[in-house]
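Asker: Respectively, the protein sequence lines represent chains V and H.
Counting in UniProt numbering, the first sequence runs from 1 upward without gaps.
Counting in UniProt numbering, the second sequence runs from 1 upward without gaps.
Glycine included, C-beta positions come from ideal geometry on N, C-alpha and C.
Computed from a predicted model, the values in this text were never measured in an experiment.
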Amino acid sequence: MSVLISNLELLPDRKIIKQLGLVQGSTVRSKHVGRDIMAGLKNVFGGELKGYTELLEDSRAEALRRMQAQAEAIGANAVINVRFSTSSVAQGASEIFVYGTAVLVE
Amino acid sequence: MEVLFTLASFLLLMILGYLFGSFAERRHYQSIWTREAQYRHIVVVNQRFPREKNVRGTQLVMGSVVISVDYFKRFLATLRTLVGGPLNSYESLLDRARREAILRLQAEAEQLHSTRVYNLRFETSSISLGQNDRIGSIEVLAYGTALIQE
Numbered sequence: 001m002s003v004l005i006s007n008l009e010l011l012p013d014r015k016i017i018k019q020l021g022l023v024q025g026s027t028v029r030s031k032h033v034g035r036d037i038m039a040g041l042k043n044v045f046g047g048e049l050k051g052y053t054e055l056l057e058d059s060r061a062e063a064l065r066r067m068q069a070q071a072e073a074i075g076a077n078a079v080i081n082v083r084f085s086t087s088s089v090a091q092g093a094s095e096i097f098v099y100g101t102a103v104l105v106e
Numbered sequence: 001m002e003v004l005f006t007l008a009s010f011l012l013l014m015i016l017g018y019l020f021g022s023f024a025e026r027r028h029y030q031s032i033w034t035r036e037a038q039y040r041h042i043v044v045v046n047q048r049f050p051r052e053k054n055v056r057g058t059q060l061v062m063g064s065v066v067i068s069v070d071y072f073k074r075f076l077a078t079l080r081t082l083v084g085g086p087l088n089s090y091e092s093l094l095d096r097a098r099r100e101a102i103l104r105l106q107a108e109a110e111q112l113h114s115t116r117v118y119n120l121r122f123e124t125s126s127i128s129l130g131q132n133d134r135i136g137s138i139e140v141l142a143y144g145t146a147l148i149q150e
């Protein structure tokens, strides 16, 4: 069973039985050469960098999966009040961090 | 000779940037306006507590976009930073990115047959490209909770 994720503080359709604490997941991704060439072109012409959008979407999904795994390990079936945060750790690499409160719901 | 070559390539990049950049921006705004009209039935709010009673489930929805400014506008911005003041050339970039992110979030909500998205949050970060660490690309993430109603 997958863990329910929500950024609301209360779930309107469920009752929280137990609060289990903070869970988190993160990934650090760097850009890639092929995408970088395209990005260089886009830097002249302007517009969306689709390669980067996909890259960041993938890493966000990975961070969410890690958070879900952590929540599952402590016996939670939902994570509420989820927040995302992005920071660049080095030139061309960024960290995607997601955290929330693990809870047990009905 | 070398100076002339550098100058010529700079001018070429400026012209290309201006032409393609303003074309892309106009086209993007057109598409934003049409899609915003199309998704108007999906109400996105930043209230934290939903009032709806007949809720069957909730689901996190996200929309994100990485968008870059063109060469011409970046040059204008570089000039602007010398004297300070409002950076008009970056304002439209951020506006487009935020609206695009919301539209993608709404598209995700529509797939879930949801018409209400609560607790919308934005997350903006700049992606540095190039050697001299100029801010040219920004990433905007919009996320919220879609209510699935009966």
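Helix or strand or just coil, what does DSSP make of F84/V?
Answerer: What you label residue 84/V is simply residue 84 of the first sequence in a count that begins at 1. Note: F84/V maps to strand in three-state DSSP.
Asker: Applying the 10 Å Cβ sphere with the 16-neighbour rule, what's the burial state of K18/V?
Answerer: Sequence index remark: in the first sequence, residue 18/V carries index 18 (1-based). Classification of K18/V: exposed, given that the 10 Å Cβ count is below 16.
Asker: Report yes if the C-beta distance between R98/H and V140/H is below 7 angstroms; otherwise report no.
Answerer: Counted from its first residue, the second sequence places residue 98/H at position 98. Counted from its first residue, the second sequence places residue 140/H at position 140. Going by C-beta atoms, R98/H is nearer than 7 angstroms to V140/H.
Asker: Excluding sequence positions up to five away, which residues of its chain have a Cβ less than 6 angstroms from the Cβ of residue 190/V?
Answerer: No information on residue 190/V is available, as it lies outside the stretch 1 to 106 that chain V covers here.
Asker: Using a Cβ-Cβ cut-off of 7 angstroms, state whether T145/H counts as contacting chain V.
Answerer: The residue given as residue 145/H occupies position 145 in the second sequence. Taking Cβ atoms only, chain V reaches closer than 7 angstroms to T145/H, which makes this a yes.
Asker: From L11/V to V45/H, what distance separates their C-alpha atoms?
Answerer: In the first sequence, counting from the first residue as 1, residue 11/V sits at position 11. In the second sequence, counting from the first residue as 1, residue 45/H sits at position 45. Answer to the nearest angstrom: the Cα atoms are 16 angstroms apart.
Asker: Taking only heavy atoms of the ligand GTP into account, decide whether any of them is closer than 6 angstroms to the Cβ of E57/V.
Answerer: This structure lacks the ligand GTP, and indeed carries no ligand of any kind.
Asker: Which residues, in chain order, does the stretch 57 to 68 of chain H contribute to contact with chain V at a C-beta distance below 8 angstroms?
Answerer: For the stretch 57 to 68 of chain H, which is checked against every Cβ of chain V, the residues closer than 8 angstroms are G57, T58, Q59, L60, M62, S64, V65, V66, I67, S68.
Asker: With a threshold of 7 angstroms between beta carbons, is A24/H in contact with chain V?
Answerer: Here residue 24/H is taken as the residue at index 24 of the second sequence, counted from 1. For A24/H, the answer is yes, since a Cβ of chain V falls inside 7 angstroms of its Cβ.
Asker: Can the beta-carbon of G144/H be found less than 7 angstroms from the beta-carbon of A101/H?
Answerer: The residue given as residue 144/H occupies position 144 in the second sequence. The residue given as residue 101/H occupies position 101 in the second sequence. The answer is no: Cβ separation not under 7 angstroms.
Asker: So the beta strand (DSSP E) L8/V belongs to, where does it begin and stop?
Answerer: Residue 8/V sits at position 8 when you count from the first residue of the first sequence. Premise fails: L8/V is in no beta strand (DSSP E) and is neither H nor E.
Asker: Measuring straight from C-alpha to C-alpha, what distance separates T34/H and A90/V?
Answerer: In the second sequence, residue 34/H corresponds to position 34, counting from 1. In the first sequence, residue 90/V corresponds to position 90, counting from 1. Spanning the two alpha carbons is a distance of roughly 38 angstroms.
Asker: Within 10 Å of its beta-carbon, does I67/H have 16 or more other beta-carbons around it, so buried, or fewer, so exposed?
Answerer: The residue you call residue 67/H lines up with position 67 of the second sequence. Result: buried.
Asker: Just to confirm, are G21/H and F72/H a CB contact at a threshold of 7 angstroms?
Answerer: In the second sequence, counting from the first residue as 1, residue 21/H sits at position 21. In the second sequence, counting from the first residue as 1, residue 72/H sits at position 72. For G21/H and F72/H, yes; Cβs fall inside 7 angstroms.
Asker: Just checking my contact of E52/H with R116/H at CB under 8 angstroms: how many whole Å lie between their CB atoms?
Answerer: Here residue 52/H refers to the residue found at position 52 of the second sequence. Here residue 116/H refers to the residue found at position 116 of the second sequence. Contact holds; Cβ gap of about 6 angstroms.
Asker: Could you give the distance in angstroms between the alpha-carbon of L104/V and the alpha-carbon of G75/V?
Answerer: For the purposes of this step, residue 104/V is taken as the residue at position 104 of the first sequence. For the purposes of this step, residue 75/V is taken as the residue at position 75 of the first sequence. Straight-line Cα distance between these residues: approximately 7 angstroms.
Asker: Which of helix, strand or coil does DSSP assign to L120/H?
Answerer: Residue numbering aside, residue 120/H sits at position 120 when the second sequence is read from its first letter. Here L120/H sits in strand by DSSP.
Asker: Given H113/H, which residues of its chain have a CB within under 8 angstroms of its CB, disregarding the five upstream and five downstream residues?
Answerer: As a working mapping, residue 113/H is identified with position 113 in the second sequence. If we look at H113/H and ignore the five residues flanking it on each side, its Cβ neighbours are I148.
Asker: Run through the DSSP bridge pairs and tell me what E48/V is partnered with.
Answerer: On the first sequence, residue 48/V is found 48 positions in, with the first residue counted as 1. In DSSP, E48/V forms a bridge with I67/H.
Asker: Sorted by chain position, which residues of the same chain lie with C-beta nearer than 6 angstroms to residue 181/H's C-beta, five sequence neighbours on each side aside?
Answerer: Residue 181/H is absent from the model: chain H starts at 1 and stops at 150.
Asker: For the candidate residues Q30/H, Q111/H, E25/H, Q59/H, whose alpha-carbon lies nearest to that of E91/H?
Answerer: What you label residue 91/H is simply residue 91 of the second sequence in a count that begins at 1. Answer by Cα proximity: E25/H.
Asker: Excluding five sequence neighbours on each side, which residues of the same chain lie with their C-beta closer than 6 angstroms to the C-beta of E150/H?
Answerer: For the purposes of this step, residue 150/H is identified with residue 150 of the second sequence, where counting begins at 1. Cβ within range, chain order: N54, R56.
Asker: Under the three-state reduction of DSSP, which class applies to S114/H: helix, strand or coil?
Answerer: Start at 1 with the first residue of the second sequence, and residue 114/H comes out as number 114. Reduced to three states, the DSSP call for S114/H is coil.
Asker: Starting from T53/V, find everything on chain H with Cβ-Cβ shorter than 7 angstroms and list it in chain order.
Answerer: Start at 1 with the first residue of the first sequence, and residue 53/V comes out as number 53. Those are S64, V65, V66, listed as they occur along chain H.
Asker: Among all the DSSP beta bridges, which residues are the ones paired with V140/H?
Answerer: Locating residue 140/H in the second sequence gives position 140, where the first residue counts as 1. DSSP, once it has assigned bridges, lists V65/H, T124/H as partnering V140/H.
Asker: Could you pull the DSSP bridge partners for S31/H from this structure?
Answerer: Against the second sequence, residue 31/H aligns to sequence position 31. None; S31/H has no bridge partner.
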